[in-house]
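Numbering (this note's numbering), first residue to last: 74 to 164.
Given below as structure tokens:
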């Protein structure tokens with residue numbers, strides 16, 4: 074009888090260890106799920122920022138072209154005024 078009792082005690086200890094291992098696995102799985110959720114949120118935020126940056130690049134590019142044309146027109150105007158001024162002073 075003692076032999077059976079010892080065997081049952083060992084089985085009980087092993088079951089306790091298995092129970093603890095299963096609970097640890099559940100905690101680890103929960104952590105992994107939480108980290109995956111956090112990574113998904115970061116990925117969506119990164120995609121949103123990338124979209125916004127591309128839109129800003131397009132706006133900046135179009136504004137740069139407009140400003141370049143305005144600057145060229147301004148230099149043409151300044152050069153014309155200097156030329157007209159020089160012509161009038163020459164006479």
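For each residue, glycine too, the CB sits at the ideal point set by N, CA and C.
All figures in this text were calculated on a predicted structure; none of them were measured in a lab.
A straight-line Cα-Cα distance of about 10 Å links residue 147 and residue 153. Positions of the beta strand (DSSP E) runs, each at least 3 residues long and wholly inside the region 75-119, cannot be given because no such run exists. Shown here, residue 164 sits in coil according to DSSP, grouped into three states, outside any helix or strand.
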